[in-house]
Structures are given as C-alpha cells and as structure tokens.
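Visitor:
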Amino acid sequence: MDTTGGRGEAGDRLARTAAVVLVGGQGSRLRPLTASTPKPMLPTAGVPFIGHLLSRIAAAGIRRVVLGTSYRAEVFADYLGDGSAFGLQLDCVPEPEPLGTGGGIRHAADALEGDYDEVMVFNGDILSGVDLPAVVDEHRSAGADATLHLVKVADPTAFGCVPTDASGRVEAFLEKTLTPPTDQVNAGCYVFRRAVVDAIPTGRAVSVERETFPGLLRQGARLQGHVESSYWLDLGTPAAFVRGCADLVQGIAPTSALPGPVGTALLLPGAKTAASASLSDGTTLGREVVVGDGSRVIGSVVMDGARIGDNVTVTRSVIGPGAVIGDETVVSDAVVGDGVSVGAGCELREGVRLWPGITIPDGGLRFSGSA
Numbered sequence: 002m003d004t005t006g007g008r009g010e011a012g013d014r015l016a017r018t019a020a021v022v023l024v025g026g027q028g029s030r031l032r033p034l035t036a037s038t039p040k041p042m043l044p045t046a047g048v049p050f051i052g053h054l055l056s057r058i059a060a061a062g063i064r065r066v067v068l069g070t071s072y073r074a075e076v077f078a079d080y081l082g083d084g085s086a087f088g089l090q091l092d093c094v095p096e097p098e099p100l101g102t103g104g105g106i107r108h109a110a111d112a113l114e115g116d117y118d119e120v121m122v123f124n125g126d127i128l129s130g131v132d133l134p135a136v137v138d139e140h141r142s143a144g145a146d147a148t149l150h151l152v153k154v155a156d157p158t159a160f161g162c163v164p165t166d167a168s169g170r171v172e173a174f175l176e177k178t179l180t181p182p183t184d185q186v187n188a189g190c191y192v193f194r195r196a197v198v199d200a201i202p203t204g205r206a207v208s209v210e211r212e213t214f215p216g217l218l219r220q221g222a223r224l225q226g227h228v229e230s231s232y233w234l235d236l237g238t239p240a241a242f243v244r245g246c247a248d249l250v251q252g253i254a255p256t257s258a259l260p261g262p263v264g265t266a267l268l269l270p271g272a273k274t275a276a277s278a279s280l281s282d283g284t285t286l287g288r289e290v291v292v293g294d295g296s297r298v299i300g301s302v303v304m305d306g307a308r309i310g311d312n313v314t315v316t317r318s319v320i321g322p323g324a325v326i327g328d329e330t331v332v333s334d335a336v337v338g339d340g341v342s343v344g345a346g347c348e349l350r351e352g353v354r355l356w357p358g359i360t361i362p363d364g365g366l367r368f369s370g371s372a
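Numbering (our numbering), first residue to last: 2 to 372.
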C-alpha cells in the first residue's frame with residue numbers, strides 16, 4: 002500500500018495533528034454482513050474498509066492515530082497491530098461502555114501523548130475524497146475551535162443540516178426537517194483544538210452532534226464549516242456498501258490501498274472465472290472465488306471462497322465468504338451471508354437478506370425479504 006503521499010509539504014503541515022477514528026458501532030443496518038465482522042473491517046474493494054481510510058490519513062501526513070473501538074474490538078487490534086504497515090503509530094482503545102460520539106472522541110484522545118495542536122476525527126464508516134490538509138488549513142486560518150467537513154446533498158431532509166454564513170462560520174445545528182434552510186450536512190469529519198477535546202466530559206455518554214457542537218455555539222466558540230464537493234458516501238446500508246466498493250474499483254472514489262489496477266473488476270489471488278463469464282461495473286471477486294460458465298456478475302462483491310454456478314446473474318449484491326450460488330439463479334440487490342447455500346433456479350431480489358449458514362433448496366426462494 003502507498004502511504005508516501007503525505008511526506009513533504011502536506012506531512013509538515015499536519016505533523017502536529019493527531020487523528021481519532023470512531024469504529025465502535027455494531028453496523029446493524031448492514032446485517033448479516035456485520036453479524037461477526039465490524040463494519041470497518043468488511044472487505045471493501047479487496048481490503049478491510051479501515052485500510053482505505055488509514056491509507057488516506059497517512060497520505061495526508063498524519064502519523065499518530067487512535068481507534069476508538071467497541072464491537073469486536075479484538076478484530077481491529079489483530080489486523081492493524083501497531084499501525085506500522087500504514088506508516089502510522091496506532092493504538093486501539095476499547096470503550097468500557099457505550100460513550101456516544103463525543104464521549105468516544107474524548108476517551109480515545111486520552112491515549113494521545115505529546116503536544117498536538119489539533120485532533121482530527123473520522124467516522125469509521127464514511128468513504129470520502131475530502132482534502133484533509135485543506136480542512137486543517139481552513140481550521141487554522143479561521144482561528145476555529147472546531148471545523149466540520151460539510152457536503153451538499155440532493156435531499157437534505159434525510160439529514161440534520163448545518164447552515165453557515167458567508168465566511169463559513171457555522172450558525173446552527175438543525176435536526177431533520179421537511180423544510181431545511183440549507184443543503185449542507187455534517188460529513189462526519191472534524192478538526193478540534195486539543196483543548197476543546199479535553200473539555201468534553203468523561204465517564205458518561207456524550208453526543209458531539211447534539212451536545213458538544215451546540216454547546217460550543219452557545220458559548221460563542223468559533224465553529225467553521227469546510228464545504229467541499231469531493232466524493233462522499235456513508236457505507237451504512239448494503240446498497241451503499243456495494244456502491245462504495247464498485248466506486249473504489251472503478252477509480253470513482255479515491256484510495257491508495259486498492260490491491261490491483263483500477264478497472265471494471267478486481268480479482269484477488271486465486272479467483273477464477275470461466276471463459277464465457279463476464280464481470281463488470283466495479284465487481285470484486287475475493288480470494289479463491291469461482292464463477293461458472295455463462296454467469297454475469299455486475300457491480301457486486303463476491304467474498305473469499307464463494308462459488309457462483311453456471312448461468313447465474315448477480316447484480317448489485319454481496320455474496321458472503323464461502324457461499325454457494327446454484328446454476329440458473331438470479332441475485333439482484335440482495336445480501337447472501339457467510340456459508341449460505343442457494344440451490345439452482347432461485348430468485349433473490351429487492352432486498353433479500355440470507356443469514357449465515359442457511360440452505361435454500363433448488364427453486365426454493367422467489368421473493369424478497371429475509372431468511
């Protein structure tokens with residue numbers, strides 16, 4: 002993986018900036034994919050998603066990172082170690098109890114030794130192309146106490162919105178409303194002065210969105226909005242996860258951690274496809290995957306060891322590790338869990354979610370839902 006991009010000017014600019022990455026959520030909207038794997042550890046275009054994020058953090062010149070973990074915390078420590086593979090000094094700090102976003106930031110930041118001017122915070126399930134040094138530069142030039150990355154969305158009614166004045170100063174934090182005054186929403190990346198993080202209460206749950214930021218505004222603190230139109234996607238649902246993987250494979254979303262060239266498909270070592278099979282739209286095939294004669298895999302994620310039979314069509318779907326899809330089956334906008342066996346001639350459509358280890362007989366499923 003390439004983590005050299007931050008050395009030099011960008012690296013010097015962020016030498017006194019540390020990072021906190023929040024990865025404690027259970028990823029309930031992504032089940033069954035997250036039944037045994039934390040969301041940031043899901044294979045995403047060939048590597049765990051956290052690998053893409055950490056590579057971008059390193060490329061920006063940040064070297065000190067703390068992960069705030071909770072659900073399956075040991076999985077992160079086992080994969081990341083001390084962070085040296087990414088060019089980072091990294092610690093994983095488990096929460097003793099659920100602390101919310103603000104409490105999680107404070108708990109993780111307590112592990113930061115040294116004299117850091119800023120703490121940059123990341124939600125561990127956001128795929129983004131934001132220019133990280135530019136966010137820090139704006140934070141400093143505005144003399145801000147906290148700076149938020151903001152993105153413009155087509156439908157802000159689905160989010161809380163964050164209006165700013167002409168200078169970029171945040172004016173309010175608004176809950177979801179049918180008549181939002183702006184299309185700017187919180188993108189899940191922040192820069193704080195270290196003293197602001199140290200002032201977050203300890204020993205209880207704190208929401209940075211509902212308590213910390215509104216409290217800072219009431220105190221007259223300077224909160225800055227960094228509005229940028231770069232790539233941004235919350236990977237919280239199966240459809241978004243599949244799209245994010247495809248965008249990484251095709252080079253639409255930026256990463257330096259892709260284990261292969263940008264293109265229409267990514268095949269990991271040992272993956273095999275029949276000569277008459279086709280892969281397209283940013284499909285990923287994991288290690289030792291087999292795709293049979295006449296099958297088409299379109300914009301999908303097929304995880305390690307899965308087997309796709311003959312004349313199968315898989316579209317915008319996730320096939321879990323070790324799953325088997327029988328001949329003549331159609332899988333569309335579906336999630337097939339680890340080790341599932343789907344017989345021949347089935348149709349899995351429109352949100353079907355099959356939980357790990359179940360068996361569907363030939364022709365046994367022709368509807369949407371969960372099983």
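Each residue gets a CB set at the ideal place from its N, CA and C atoms; glycine is no exception.
These numbers were taken from a predicted model, which means no experiment stands behind them.
Going along the chain, which residues of its own chain have a beta-carbon closer than 6 Å to the beta-carbon of alanine 275, five neighbours each way excluded?
Guide: Hits under 6 Å: Gly293, Asp294.
Visitor: Taking all protein chains shown into account, do 16 or more other C-beta atoms lie within 10 angstroms of the C-beta of glutamine 373, making it buried, or fewer, making it exposed?
Guide: Here the chain comprises residues numbered 2 to 372, so residue 373 is not present and cannot be evaluated.
Visitor: Identify whether arginine 8 lies in helix, strand or coil by the three-state DSSP scheme.
Guide: Reliability fails at arginine 8, whose pLDDT of 45 lies under 50, so the model's placement of it is uncertain and the value that follows must be treated cautiously. If DSSP states are grouped into helix, strand and coil, arginine 8 belongs with coil.
Visitor: Restricting to Cα atoms, I'd like to know which of Asp363, Leu366, Trp356, Gly365 is closest to threonine 35.
Guide: Of Asp363, Leu366, Trp356, Gly365, the residue nearest in Cα terms is Trp356.
Visitor: Classify glutamine 185: buried if its beta carbon has 16 or more other beta carbons within 10 angstroms, exposed otherwise.
Guide: Buried: at least 16 other Cβ atoms inside 10 Å.
Visitor: Of all the options Glu119, Ile127, Asp156, which has the alpha carbon lying nearest to the alpha carbon of aspartate 138?
Guide: Closest by alpha carbon: Glu119.
Visitor: So valine 122 and leucine 23 are in contact, right, with Cβ under 8 Å, and what is the actual spacing, rounded?
Guide: Going by Cβ atoms, the distance from valine 122 to leucine 23 rounds to 7 Å, so yes, they are a contact pair.
Visitor: Does the beta-carbon distance from alanine 289 to aspartate 311 come in below 8 Å?
Guide: Here residue 289 turns out to be glutamate, not alanine, going by the sequence shown. In this structure, aspartate 311 does not lie closer than 8 Å to glutamate 289 by Cβ.
Visitor: If you count every other CB in all the chains shown that lies within 10 Å of the CB of proline 97, and 16 or more means buried, which is it?
Guide: Exposed is the call here.
Visitor: On a CA-only basis, which of Phe50, Gln27, Cys347 is nearest valine 243? Give me that one, please.
Guide: Answer by Cα proximity: Phe50.
Visitor: Going by C-alpha to C-alpha distance, which of Leu349, Leu267, Leu133 sits closest to glycine 287?
Guide: Closest option to glycine 287, Cα to Cα, is Leu267.
Visitor: Quick check on the burial criterion: 16 or more other C-beta atoms within 10 angstroms. Buried or exposed for aspartate 126?
Guide: Label assigned to aspartate 126: buried.
Visitor: Under a three-way DSSP split, which group does methionine 2 fall into?
Guide: Low confidence applies here, because methionine 2 scores a pLDDT of 46, under 50, leaving its location unreliable; read the following figure in that light. Coil at methionine 2, not helix or strand.
Visitor: Quick one: residues in its chain with C-beta nearer than 6 Å to the C-beta of isoleucine 299, no 5 flanking neighbours on either side, listed in chain order?
Guide: So the qualifying residues of the chain are Ser281, Asp282, Thr316.
Visitor: Report, in whole angstroms, the separation of the C-beta atoms of leucine 100 and leucine 91, which I expect to be a contact under 8 Å.
Guide: Not a contact, Cβ separation roughly 20 Å.
Visitor: Decide yes or no for the touch test of the segment 156 to 172 against the segment 258 to 265: beta carbon pairs closer than 8 Å, at least 3 of them.
Guide: The segment 156 to 172, when compared against the segment 258 to 265, does not touch it at the 8 Å Cβ threshold.
Visitor: Between alanine 61 and histidine 140, what straight-line distance do the alpha-carbon atoms span, to the nearest angstrom?
Guide: Approximately 15 Å between the Cα atoms of the pair.
Visitor: If you follow the beta strand (DSSP E) that proline 95 is part of, which residue opens it and which one closes it?
Guide: First-last of the beta strand (DSSP E) with proline 95: 90 to 95.
Visitor: Helix, strand or coil: which one does DSSP assign to valine 120?
Guide: Strand, per DSSP.
Visitor: Does the distance from the CB of alanine 206 to the CB of glycine 69 come in under 8 Å?
Guide: Not a contact, by the Cβ cut-off of 8 Å.
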